[in-house]
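Numbering (the numbering used here), first residue to last: 13 to 355.
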Amino acid sequence: MSMAPEHAPTMARLSLAQRLAPWMPVLLVPLLVVAGLLAIPNTSSWLTLTVSGLAMGMMIFLMASGLTLVFGLMDVINFGHGAFVSVGAFVGVSVLLLLGGMTGAPSLALNLAAMGLAVIGAMLATGAMGWAFEKVIVEPVYGHHLKQILVTMGGLIVVEQLIIVLWGPEEIYISRPEALKGAITFAGAALEKYRLVAVGLGLVVFAAMRWTLRRTKIGLIVRAGVENGEMVQALGYRLRLVFVGVFIAGSALAGLGGVMWGLYQEVVSAHMGNQAMILIFIVVIIGGLGSVGGCFIGALLVGLMQNYVAFLEPKVALISNIGLMVAILMWRPMGMIPVVKAK
Numbered sequence: 013m014s015m016a017p018e019h020a021p022t023m024a025r026l027s028l029a030q031r032l033a034p035w036m037p038v039l040l041v042p043l044l045v046v047a048g049l050l051a052i053p054n055t056s057s058w059l060t061l062t063v064s065g066l067a068m069g070m071m072i073f074l075m076a077s078g079l080t081l082v083f084g085l086m087d088v089i090n091f092g093h094g095a096f097v098s099v100g101a102f103v104g105v106s107v108l109l110l111l112g113g114m115t116g117a118p119s120l121a122l123n124l125a126a127m128g129l130a131v132i133g134a135m136l137a138t139g140a141m142g143w144a145f146e147k148v149i150v151e152p153v154y155g156h157h158l159k160q161i162l163v164t165m166g167g168l169i170v171v172e173q174l175i176i177v178l179w180g181p182e183e184i185y186i187s188r189p190e191a192l193k194g195a196i197t198f199a200g201a202a203l204e205k206y207r208l209v210a211v212g213l214g215l216v217v218f219a220a221m222r223w224t225l226r227r228t229k230i231g232l233i234v235r236a237g238v239e240n241g242e243m244v245q246a247l248g249y250r251l252r253l254v255f256v257g258v259f260i261a262g263s264a265l266a267g268l269g270g271v272m273w274g275l276y277q278e279v280v281s282a283h284m285g286n287q288a289m290i291l292i293f294i295v296v297i298i299g300g301l302g303s304v305g306g307c308f309i310g311a312l313l314v315g316l317m318q319n320y321v322a323f324l325e326p327k328v329a330l331i332s333n334i335g336l337m338v339a340i341l342m343w344r345p346m347g348m349i350p351v352v353k354a355k
C-alpha cells in the first residue's frame, strides 16, 4: 500500500486591498469627511458642515431604516412610505402645539419631555396606520411589483389628501423647543443644538436596531427570513406575523423621522414625505436591500455629500446624491452591504 504524498498546506497572503475590501463601505464615511476637510479651507466651516451633514444623515436614516427592512424581508416596493413620514410630522407637530407651555419653557428637561411625547404620539399613529396600510393595500399584491408600485403610490396620494382634510392645505410652521434653539460654539464653529440632538438620537436608534437584529430571537428570525423565508416557515415560525410586525415597526420609525425632519425644516406640509422619498430610496439602494448597517452608512454619505457640495458648488448639489448613487452602484451593483440576493 503506497503512502500518501506529503503535503504541506500553504496559505496565500492577502494583499492590503483584499484585507481592506470588506471594510471599504465603513471607511467611505471618514474618507468623505477627510475629503471635505481638504476641499474646505476654513476649519470652522468644515466642522459646522460636518455636524449638519451627520444630523441630516441621521434623520434620513430614521426615515429609511424601516423601508430597507420591508424592502429586503417582504420584497415589497412601498412607494407609499412617504405617507408615514408626513403623518408622523403632522401628529408630532400637533402634539408640540398642544404642549406650548413645555416647549416654550427654557428648561431642557421639559423641552425633551415634550419632544418625547410628540415622538411617541407620532410613532403610535403611524404604527397603527402601517398595520391598516399593510392589511388593506399591500397584502393583496404580494409578489407583484408593478401592482405594488401602483397601489402604494395611490395610497400615498389618498393619505396626502386626508392630511389636507384634517389639517388644512396650508403649510404649518413650527418653532423648535426653546432650549434647542440657537447653537453652541466649539473650536470656532457654530453647532446647532437641535442637530446635535438629532445625531445623538440617530446613534441610539441605530444601536437599538443593531442590538435587536443581532442579539434577540426576533432579530434572528427577521434576519433568517431575509435570507431564506421558506426555511423559516418550515421550522414552524409564523413569518407572516413577522412581516406585519416589521411593517408596523418600519412605519413607526418613519413617523419618528417625520417629526425630526419637520423640526429640522421648521415647516411641515402634506407633500413633505413624498419629497423626502427621493433621498430615502437613494439611501436604501446604495446601502443594500435589507441592510440596516448599509442604510446607516448610506444615509451618512448622502447627508455629508449634500452639505459639502452645497457649500462648494450650490448648483451641483442638486445632482450630487444621484452621482453618489451611480458611483457606488458601479462599484457594488447590489449596494454596499447587501443582505438579500436580487430577486
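Ideal placement from N, C-alpha and C gives every residue a C-beta, glycine not left out.
For residue j and residue i, the rounded distance between their alpha carbons
i	j	result
Ile184	Gly241	43 Å
Gly116	Met135	23 Å
Val170	Thr224	33 Å
Ala246	Asn90	27 Å
Leu174	Met36	44 Å
Phe96	Arg250	26 Å
Ala137	Leu111	18 Å
Lys355	Tyr154	Model confidence at Lys355 stands at a pLDDT of 46, short of 50, so the residue's coordinates are unreliable and nothing is read from them.
Thr164	Gln318	28 Å
Ala130	Pro326	34 Å
Pro118	Gly194	12 Å
Leu59	Ile132	32 Å
Asn333	Thr197	29 Å
Gly270	Met348	26 Å
Leu50	Leu44	10 Å
Leu232	Val254	11 Å
Ala210	Met71	7 Å
Gly100	Ile331	28 Å
Gly214	Gly305	13 Å
Leu336	Gly248	42 Å
Residue i burial status per 10 Å Cβ neighbour count (16 or more: buried)
i	result
Glu204	buried
Asn286	buried
Pro345	exposed
Ile297	buried
Pro152	exposed
His156	exposed
Gly92	buried
Trp273	buried
Ile260	buried
Arg188	buried
Glu146	buried
Val338	exposed
Val46	exposed
Asn123	buried
Ala294	The amino acid occupying residue 294 in the given sequence is Ile; Ala does not appear at that position. Counting Cβ neighbours within 10 Å, Ile294 comes out buried, since at least 16 surround it.
Ala144	exposed
Gly139	buried
Trp343	exposed
Ile292	buried
Which listed residue (the options) has its alpha carbon closest to that of residue i
i	options	result
Ala220	Gly248, Phe308, Asn319	Phe308
Lys229	Val45, Val244, Leu341	Val244
Glu239	Ala144, Leu43, Leu301, Glu172	Leu301
Ser350	Thr62, Leu81, Met70	At residue 350 the sequence reads Pro, which differs from the Ser that was named. Pro350 has its Cα closest to that of Leu81, out of Thr62, Leu81, Met70.
Leu192	Val99, Ile186, Gly180, Arg207	Arg207
Met127	Val103, Leu108, Pro42, Ile292	Leu108
Ile340	Ile331, Gly310, Tyr320, Gly315	Gly310
Leu158	Ser119, Asp87, Ile260, Ala266	Asp87
Gly212	Gly200, Gly69, Val254, Phe145	Gly69
Leu61	Ala282, Gly315, Ile331	Gly315
Arg235	Leu336, Pro181, Gly84	Gly84
Met141	Val209, Ala67, Phe293, Gly257	Gly257
Ile161	Ala329, Gly94, Thr55, Met342	Gly94
Ser56	Val105, Gly299, Ala201	Ala201
Gly167	Pro181, Ala266, Val150	Val150
Glu172	Arg226, Val280, Met75	Val280
Gly278	Arg226, Leu66, Gly104, Val38	Correcting the residue identity first, residue 278 is Glu in this sequence and not Gly. When only C-alpha atoms are compared, the closest one is Gly104.
Tyr276	Gly48, Pro53, Leu66	Leu66
Terminal residues of the alpha helix (DSSP H) in which residue i lies
i	result
Glu172	157-179
Ile290	284-299
Tyr154	No alpha helix (DSSP H) contains Tyr154, which DSSP labels as neither H nor E.
Pro37	36-51
Ala144	120-145
Ala322	304-324
Phe73	55-86
Val328	Per DSSP, Val328 belongs to no alpha helix (DSSP H) and is neither H nor E.
Gly100	93-110
Those residues which DSSP pairs with residue i across a bridge
i	result
Leu203	Ile196
Val185	The sequence as given places Tyr at residue 185; Val does not occur at that position. Answer is Val279.
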